[in-house]
RNA sequence: GCCGGAGUAGCUCAAUGGCAGAGCAAUGCUUUCGUAAAGCAAAGACGGAGGUUCGAUUCCUCUCUCCGGCUCCA
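Numbering (our numbering), first residue to last: 1204 to 1732.
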């Protein structure tokens, strides 16, 4: 059995060989294996076109047919530098590896190609199925993934063991494209975009709004049981609030700013925690009154880079089903577990399997976070204890913490196999400090409280994008914004059809609980069907 | 923001430096016809601004929007 990763990695080398044949002066970046295939980065004298990809593919097939052997050997840094003296990116890598005291290996493919590479190849190109790979697209990519570095041209390729798998994969992608929420959403009349309103600002239709409300009501039903109270906040604030929270320093660039006629600077809210702290801070609290649990489904605004916008997955205006619990330290665990229950109850209704990431800070970059080392150690230890107690499988996410605290992130997979972060529970010992949030304890002394951030859907927009694709637009009855349609065959049934529609609506409304949804009945004119 | 691709009617697509063409949908009329598209008619578009040109949807510049990536994501 051939190792597929070795095949993919070898194909990356063959791609580089093909590119070098056409562009002898090409500078090589790296060419690793990725999910479903491989890529290779190049700096080239001109921009590639799809026609180039066909040429490269043909050349690669020729190389496969030539039955070339892959051979690796260790080299000394000085030797490596000599070999790659015309390859600045390789020299950069050699420098890094030498600094990290890694050994250097080179791999030779027949006598057509030589690359600095840690290995993982087929023995001979004849092990590669020439019909089971395909170069798919060209993209720009920064050297070493850093926007400050030069940008290279990346060629992506798919590769499988058998042609059948490749075709199956391509078919699956086509299928996934049909489920694309950016196409299905407007087709189902759930939302729309307008060039006049602007990029990344979805507009919600009556049906889409109904769907949003059904979801939000569901979350609220679950929260209400645990003693949450709804609050409401303005969507703008003086910049002072964010200076105090630390968001200004960190996310200034991403805020929509507003200058008042008197010259004061305001900002659209990019999240809700600072506002909510001020609801808590409105008066002193006795420890007997804690926890205070505030829930608020509300829109936030972030000035995202245009290139990052994508349908509902990444928008400039999005709705968080946000909640904040203000409680004493010993109460935090119980509150955490309650939210965890809500998350599970909610997601099980959709048939999602969740993976849970324990997101902690990156010890190599303490400057990215608020608060001191001790606070973080404390909060992360507490989070780990809760997770351990819960006896659930989790995986670590070092460097994935919020800048104010560690968090549990719940990830759901969509129909394309992409994993999206959905719910999040965050433990925050920094905001309460910054805003001096306390309660009066048993001894009559002010005591610092902690704050828990909890979003169940995360962003309603992103959650909707996920379930539209998850269900391919075919929502379960309890979610479907339109559940019943009455279709008269000809005009003769018009009045009867209308009467049925009226009656059914009355019946549905009467049997619904007072604050549950109303069932919309549409009436279609269908004489031509 | 960066690299690349693309914007023609509600949707899917075509053509062109000299009157922009079709299918489906929608509209009107005809048909009243029962299980995967009845007939006829009329209507509907070159994303926006500027430039080159006798003339620009076509060529150039800028801009907006979308797509594939990269970077970013409280």
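Even for Gly, the Cβ is constructed at its ideal location relative to N, Cα and C.
Computed from a predicted model, the values in this text were never measured in an experiment.
Proximity below 8 Å, CB of residue 1256 to CB of residue 1358: A contact, by the Cβ cut-off of 8 Å.
Please report the straight-line C-alpha distance between residue 1249 and residue 1624, rounded to a whole angstrom. Separation of residue 1249 and residue 1624 (C-alpha to C-alpha, rounded to the nearest whole angstrom) is 38 Å.
Which term fits residue 1731, buried or exposed, when burial requires 16 or more other beta carbons within 10 angstroms of its beta carbon? For residue 1731, the predicted structure reports a pLDDT of 40, less than 50, and the residue's modelled location is therefore unreliable. A value from the coordinates is still provided. Per the 10 Å Cβ criterion, exposed.
At the level of alpha carbons, what is the spacing between residue 1474 and residue 1505? 9 Å
With the cut-off set at 8 Å, would you say residue 1585 and residue 1607 are in Cβ contact? Cβ distance not < 8 Å, so residue 1585 and residue 1607 don't count as in contact.
Compare the C-alpha of residue 1410 against each of 1698, 1701 and 1676 and name the closest. 1676
Proximity to residue 1611 [Cα-Cα], best of 1587, 1284, 1246 and 1398: 1587
Within the continuous alpha helix (DSSP H) that includes residue 1263, where are the two ends? 1253-1268
Kindly indicate which three-state DSSP category residue 1488 falls into: helix, strand or coil? coil
Just grab the DSSP bridge partners of residue 1407 for me. 1394
In angstroms with no decimal places, state the Cα-to-Cα distance between residue 1326 and residue 1320. 15 Å
Please report the residue range of the beta strand (DSSP E) in which residue 1499 lies. For residue 1499, the enclosing beta strand (DSSP E) has its first and last residue at 1495-1504.
Considering only the alpha carbon of each residue, which of 1556, 1568 and 1279 lies closest to residue 1595? 1556
Please report the straight-line C-alpha distance between residue 1528 and residue 1656, rounded to a whole angstrom. Distance between residue 1528 and residue 1656, taken at the CA atoms: about 7 Å.
Select from 1637, 1653, 1683 and 1522 the residue whose C-alpha is nearest the C-alpha of residue 1414. 1683
Only counting the same chain, and skipping five residues up and downstream in sequence, which positions put a Cβ closer than 7 Å to that of residue 1258? Contacts found: 1225.
Can we say the segment 1543-1552 touches the segment 1489-1505, given the rule of at least three CB pairs closer than 8 Å? no
Judging by CA-CA distance, which residue of 1636, 1566 and 1541 is the nearest neighbour of residue 1593? 1541
With the cut-off set at 8 Å, would you say residue 1589 and residue 1539 are in Cβ contact? Yes.
Where residue 1384 falls: helix, strand or coil (DSSP): helix
Check each candidate in 1495, 1498 and 1476 and name the one with the smallest Cα separation from residue 1605. 1476
Local conformation of residue 1345 per DSSP, three classes: strand
Name, in chain order, the residues that DSSP records as bridge partners for residue 1517. Per DSSP, the beta bridge partners of residue 1517 are 1513.
I need the boundaries of the beta strand (DSSP E) containing residue 1582, first residue and last residue. It is not in any beta strand (DSSP E) - residue 1582 instead sits in the alpha helix (DSSP H) that spans 1576-1593.
Name, in chain order, the residues that DSSP records as bridge partners for residue 1634. None; residue 1634 has no bridge partner.
For residue 1231, which of helix, strand or coil comes out of DSSP? DSSP places residue 1231 in strand when its eight states are reduced to three.
Coarse secondary structure for residue 1710, derived from DSSP in three states: helix
Stretch-stretch touch, CB-based, cutoff 8 Å, three pairs: the segment 1479-1499 with the segment 1454-1467: At 8 Å Cβ cutoff, the stretches do not touch.
Could you tell me whether the segment 1635-1645 touches the segment 1662-1674, where touching means 3 or more Cβ pairs closer than 8 Å? no
State the start and end residues of the unbroken beta strand (DSSP E) segment that holds residue 1561. 1557-1563
Can you tell which of 1398, 1485, 1387 and 1334 has its C-alpha closest to the C-alpha of residue 1367? Relative to the Cα of residue 1367, the nearest Cα in the group 1398, 1485, 1387 and 1334 belongs to 1334.
Buried or exposed by the 16-neighbour rule on C-beta atoms within 10 Å, applied to residue 1280: exposed
Tell me which same chain residues have a C-beta within less than 7 Å of the C-beta of residue 1276, skipping the five on either side of it? Contacts found: 1308 and 1309.
Cβ contact check for the segment 1424-1439 and the segment 1398-1405: 3 or more pairs under 8 Å: no
Among all the DSSP beta bridges, which residues are the ones paired with residue 1662? 1523
Taking the beta carbon of residue 1598 as the centre, do at least 16 other beta carbons fall within 10 Å, making it buried, or is it exposed? exposed
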